[in-house]
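Undergrad:
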Amino acid sequence: MNPGAPIGVFDSGVGGLTVLRTLIERLPHEHTVYLGDTARVPYGTRSGEVVTRYALLSARHLVSHDIKALVVACNTVSAHSLPALQEALPTIPVIGVIEPGAQTAAARTRGGTIAVLGTPSTIASGAYQAALGRLAPLARVVARACPLFVPLAEEGWTEGEVPRLVAERYLADLRRSGVDTAVLGCTHYPLLARTIAEALGREVAIVDSAEATAAALSTLLQARGLLRPPGGAVRHRTLCTDVPERFRTVAERFLGRPVESVELVDLAF
Ligand code: DGL
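Here it is as structure tokens:
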């Protein structure tokens with residue numbers, strides 16, 4: 195494996211850019227290739243079987259870019275498809291976001307209740323609940339699907355009356371149930387972190403798995419001698435499967451910096 199090869203990162207759409215942003219900050223010398231499957235988004239309302247079928251298409255496409263590692267920057271895919279991806283790509287390390295997020299939540303909780311917020315598909319999979327049951331066996335875990343947070347984040351409606359009312363509707367009862375830690379178990383939710391924190395109560399620790407995922411990737415690359423040495427220009431390629439113009443506009447907000455170009459790719463079935 196070549197340390198100069200790019201890291202592949204994929205998601206159902208723009209959401210995984212919140213993870214890419216943290217990866218780039220933590221590993222500034224690494225080339226990256228990001229693929230957002232905008233032709234098939236959203237994944238969060240689909241069955242695990244269909245999510246895995248779509249995820250394998252994205253992963254295989256990224257392998258054609260000679261990636262040295264694959265980051266599954268989508269909670270829904272991480273919840274359903276990690277074993278299938280690891281089996282399909284036996285020579286490439288594959289990292290998901292759920293285990294790192296659950297580890298951070300387990301380290302943060304002060305013995306109370308951990309809330310897991312995610313898409314309907316992620317919550318139904320029970321993946322976070324299982325990981326937290328292992329990592330924080332004494333904590334109580336409550337899980338809540340918050341599907342409207344995804345379109346709100348994409349629309350840029352992250353603060354103000356509408357997201358506040360939506361967050362209160364989803365989370366008001368959790369506020370009364372002793373939650374001390376909340377896992378943002380969906381790539382879009384970090385954009386609504388402030389609104390979510392207000393709905394849950396300021397004292398609740400908000401856990402975003404991006405930082406922990408970047409740390410896990412850094413450790414893995416180091417252990418395998420795969421860190422790219424500093425020097426030369428660093429390249430970040432961005433690919434999507436439909437409407438690249440809209441992808442680019444929303445991507446700049448998620449990534450927090452300009453996106454030079456978005457390449458359209460076709461993931462053949
Ligand atoms: N990226 C998805 C996730 O983190 C959210 C968007 C979708 O439903 O596809 O679960």
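In this text, residue positions in the sequence shown follow this note's numbering: the first is 195, and each later residue adds one.
Glycine included, each C-beta is placed from N, C-alpha and C at the ideal position.
If G162 and L256 are in contact, beta carbons under 8 Å, what's the gap, nearest whole angstrom?
TA: Since the first and last residues shown for the chain are 195 and 463, residue 162 lies out of range.
Undergrad: Based on Cα-Cα distance, which residue from V459, A321 and R388 lies nearest to R396?
TA: Locating residue 396 in the sequence shown gives position 202, where the first residue counts as 1. When each option's Cα is compared against that of R396, the closest is R388.
Undergrad: Using the Cα positions of T313 and R370, report the straight-line distance between them to the nearest angstrom.
TA: Counting from 1 along the sequence shown, the entry for residue 313 is found at position 119. Counting from 1 along the sequence shown, the entry for residue 370 is found at position 176. Each residue's Cα considered, the two are about 22 Å apart.
Undergrad: Pairs of beta-carbons, one from the segment 407-427 and one from the segment 334-343, closer than 8 Å: are there three or more?
TA: no
Undergrad: Does the beta-carbon distance from A406 to L394 come in below 9 Å?
TA: Locating residue 406 in the sequence shown gives position 212, counting from the first residue. Locating residue 394 in the sequence shown gives position 200, counting from the first residue. In this structure, the beta-carbon distance from A406 to L394 does not fall below 9 Å.
Undergrad: Taking contact to mean 3 or more Cβ pairs, one atom from each stretch, closer than 8 Å, check whether the segment 240-258 and the segment 356-366 are in contact.
TA: no
Undergrad: Which residues does DSSP list as the beta-bridge partners of G379?
TA: Against the sequence shown, residue 379 aligns to sequence position 185. According to DSSP, which records beta bridges pairwise, G379 is partnered with G312.
Undergrad: Can you give me the C-alpha to C-alpha distance between T316 and G238, rounded to a whole angstrom?
TA: To locate residue 316, count along the sequence shown from 1; it is residue 122. To locate residue 238, count along the sequence shown from 1; it is residue 44. The straight-line gap from Cα to Cα measures roughly 7 Å.
Undergrad: According to DSSP, is Y228 helix, strand or coil?
TA: Your numbering for residue 228 matches position 34 in the sequence shown. In the three-state reduction of the DSSP assignment, Y228 falls in the strand class, which pools E and B.
Undergrad: Indicate, with yes or no, if the ligand DGL has a heavy atom lying under 8 Å from the CB of V235.
TA: Indexing the sequence shown from 1 puts residue 235 at position 41. Yes; taking the cut-off as 8 Å, the Cβ of V235 has a heavy atom of the ligand DGL nearer than that.
Undergrad: In whole angstroms, what is the alpha-carbon distance linking E281 and K262?
TA: On the sequence shown, position 87 is the one that residue 281 refers to. On the sequence shown, position 68 is the one that residue 262 refers to. Between the alpha carbons of E281 and K262 lies a distance of about 16 Å.
Undergrad: What are the boundary residues of the beta strand (DSSP E) that includes D402?
TA: Position 208 of the sequence shown, counted from the start, is the residue given in the question as residue 402. Its beta strand (DSSP E) spans residues A399 to D402.
Undergrad: Run the CB neighbour count on V244, radius 10 Å, all protein chains shown included, and call it buried at 16 or more, exposed below.
TA: The residue given as residue 244 occupies position 50 in the sequence shown. By the neighbour-count definition (other C-beta atoms within 10 Å, threshold 16), V244 is an exposed residue.
Undergrad: Taking the beta strand (DSSP E) that R334 falls in, what are its first and last residues?
TA: For this step, residue 334 is matched to residue 140 along the sequence shown. Element bounds for R334: R334 to A339.
Undergrad: Within 10 Å of its beta-carbon, does R429 have 16 or more other beta-carbons around it, so buried, or fewer, so exposed?
TA: As a working note, residue 429 is residue 235 in the sequence shown. Result: exposed.
Undergrad: Please report the straight-line C-alpha distance between A330 and V266, rounded to a whole angstrom.
TA: Counted from its first residue, the sequence shown places residue 330 at position 136. Counted from its first residue, the sequence shown places residue 266 at position 72. Each residue's alpha carbon lies about 23 Å from the other.
Undergrad: Taking 9 Å as the threshold (C-beta atoms), are A199 and H225 in contact?
TA: Within the sequence shown, residue 225 is the residue found at index 31, counting from 1. Within the sequence shown, residue 199 is the residue found at index 5, counting from 1. Result yes, Cβ atoms of H225 and A199 sit closer than 9 Å.
Undergrad: In the structure shown, what three-state DSSP assignment does V437 receive?
TA: The sequence position of residue 437 within the sequence shown is 243, counting from 1. Reduced to three states, the DSSP call for V437 is coil.
Undergrad: Might you give, ordered along the chain, the residues of its own chain that have their beta carbon closer than 8 Å to the beta carbon of E392, omitting 5 neighbours on each side?
TA: In the sequence shown, counting from the first residue as 1, residue 392 sits at position 198. Closer than 8 Å at Cβ, skipping near neighbours: R358 and A361.
Undergrad: From the DSSP output, in three-state form, read off D367 for me.
TA: As a position in the sequence shown, residue 367 is number 173, starting the count at 1. Reduced to three states, the DSSP call for D367 is helix.
Undergrad: Assuming P384 and D402 make a contact with CB atoms under 8 Å, what is their CB distance in whole Å?
TA: Along the sequence shown, read from residue 1 onward, the residue named residue 384 stands at position 190. Along the sequence shown, read from residue 1 onward, the residue named residue 402 stands at position 208. Going by Cβ atoms, the distance from P384 to D402 rounds to 5 Å, so yes, they are a contact pair.
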